[in-house]
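J.: My structure is below; once you've seen it, I'll send some questions.
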Amino acid sequence: MKIAFIGGGVMGEAMLAAVLEKGLSTPQAVSVSDVDEARLKHLEQKYGVAVTGSNRQAAETGDVVVLAIKPQNLAEVMTELGGQLKSAQLVLSIIAGARIDTLSLGLKHGCIARVMPNTPARIGEGVSVWTATAEVSEQQRGWASSILGAMGRELYVDDERYIDMATAVSGSGPAYFFLVVESLVDAAVKIGLPRDMAQELVLQTMLGSGHFIQKSGEEPADLRRMVTSPGGTTAQALLHLEKGGFSQLLIEAVEAAYDKAKRLGG
Ligand SMILES: NC(=O)c1ccc[n+]([C@@H]2O[C@H](COP(=O)([O-])OP(=O)(O)OC[C@H]3O[C@@H](n4cnc5c(N)ncnc54)[C@H](OP(=O)(O)O)[C@@H]3O)[C@@H](O)[C@H]2O)c1
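According to the working numbering, the sequence shown is numbered sequentially starting from 192.
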């Protein structure tokens, strides 16, 4: 499969590395364009792919054209690529907030898949939520599914609104998790644990608990009750979190991210 990446930043590279590693494409069949010459040099040296400063040139060759630029650069890229793509090329956009009708109008192109990936994709542990227009063929859906599957789990949805919702949950989610880990490590150090030990305890607790939810098939609330003995230490900590409005704050944070994702779409 020939793949063109428009934008070779953090997520573009994660996707590029995944498709090469899984053998979905070869370095000879991949081209990348970016405005940042240092990025291009890095990608050329590390992966042996063709690089160019011209988005048009890169896009010419792809069966799949991945849009991996930031939302604020979309208008200029659409001006450049508008009307240039062949109808059989699949555009795979990972741009947060960019709606399919905006992409379709700006690119004068109908064959589009819109995706929300997340950064654990860099180690093959991501989750991507995606949807596609009616023009996307079965074969192209298969391509999209295998490219996204190379980065972790992939979930197809019929309703584009789920993409903005996923942006607030799984797209931004790793940052919420990192903040929780950071804060717990700081708390552990504050009560006297050495930092490296604190980090190991917190991380393994988070990973173990995540796997526990997944493997046990039980509801998180039931697992939480299981470790909350009446009058015990966990009950004390949970009471404190609820007094501070922890759950409500998380709900409001996700709603704020969702509102922002919708506003990015104009
Ligand atoms: N990172 C995440 O967690 C994440 C998760 C899900 C989705 N996404 C989405 O993925 C997209 C890419 O994110 P990212 O984190 O990979 O961003 P990034 O690291 O900033 O990568 C974007 C790349 O595109 C380049 N670029 C800017 N203008 C360009 C243009 N006109 N033509 C070609 N290349 C251009 C940038 O160069 P300069 O840096 O020089 O501008 C940069 O190298 C975003 O739309 C984001 O919403 C990101």
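All C-beta atoms, glycine included, are put in the ideal place defined by N, C-alpha and C.
Keep in mind the model is a prediction, meaning the values are calculated, not measured.
1) Just confirm the distance between the C-beta atoms of residue 220 and residue 194, as a whole number of angstroms; I'd bet it's less than 8 Å.
2) Would residue 342 pass as a contact of residue 205 if the rule is Cβ separation under 9 Å?
3) Go ahead and label residue 291 buried or exposed: buried means 16 or more other beta carbons lie within 10 angstroms of its beta carbon, across all protein chains shown.
4) Counting Cβ pairs closer than 8 Å, one from the region 319–326 and one from the region 352–363, do we hit at least three?
5) Measuring only from the beta carbon, is residue 202 closer than 8 Å to any heavy atom that is part of ligand 1?
6) Can you name the start and end residues of the alpha helix (DSSP H) that residue 222 belongs to?
7) So, does the region 232–242 touch the region 362–375, judging by three or more C-beta pairs under 8 Å?
8) Is residue 262 close to ligand 1? I mean its beta-carbon at under 8 Å from any heavy atom of the ligand.
9) Smallest Cα separation from residue 223: which of 340, 375 and 251?
10) How is the alpha helix (DSSP H) around residue 305 delimited, first residue to last?
11) Thinking just about the alpha-carbon of each residue, which of 314, 258, 337 and 331 is nearest to the one in residue 297?
12) Using 8 Å as the cut-off, classify the Cβ of residue 289 as near or not near the heavy atoms of ligand 1, replying yes or no.
13) Shorter than 8 Å, the distance from the beta carbon of residue 351 to the closest heavy atom of ligand 1, or not?
14) Measuring alpha carbon to alpha carbon, tell me which residue in 265, 279 and 315 is nearest residue 328.
15) Does ligand 1 have even one heavy atom less than 8 Å from the beta-carbon of residue 197?
16) With 16 as the cutoff for other CB atoms within 10 Å, does residue 345 come out buried or exposed?
17) Can you name, in chain order, every residue of its own chain whose Cβ lies under 7 Å from the Cβ of residue 337, other than the five neighbours on each side?
18) Is residue 214 near ligand 1, with its Cβ less than 8 Å from a heavy atom?
19) How about residue 284 and residue 312: do their beta carbons lie closer than 9 Å?
20) Closest to residue 395 by CA distance: which of 408, 375 and 381 is it?
21) Quick check: is any heavy atom of ligand 1 less than 8 Å from the C-beta of residue 314?
22) Following a CB-centred definition, is residue 268 positioned closer than 8 Å to any heavy atom of ligand 1?
23) Note down, one range per segment and in chain order, each alpha helix (DSSP H) of at least 4 residues found wholly within the region 326–396.
24) Considering only residues of the same chain and omitting the five flanking positions on each side of residue 210, which have a CB-CB separation below 7 Å?
25) Say yes only if the C-beta of residue 456 is nearer than 8 Å to one or more non-hydrogen atoms of ligand 1, and no if none qualify.
T.: On the basis of the data shown:
1) 7 Å
2) yes
3) buried
4) yes
5) yes
6) Unbroken run through residue 222 is the beta strand (DSSP E), 221–224; no alpha helix (DSSP H).
7) no
8) yes
9) 251
10) Note, residue 305: premise wrong, no alpha helix (DSSP H); beta strand (DSSP E) at 303–307.
11) 258
12) yes
13) no
14) 279
15) yes
16) buried
17) 215
18) no
19) no
20) 375
21) no
22) yes
23) 329–340, 352–357 and 364–381
24) 194, 216, 338 and 341
25) no
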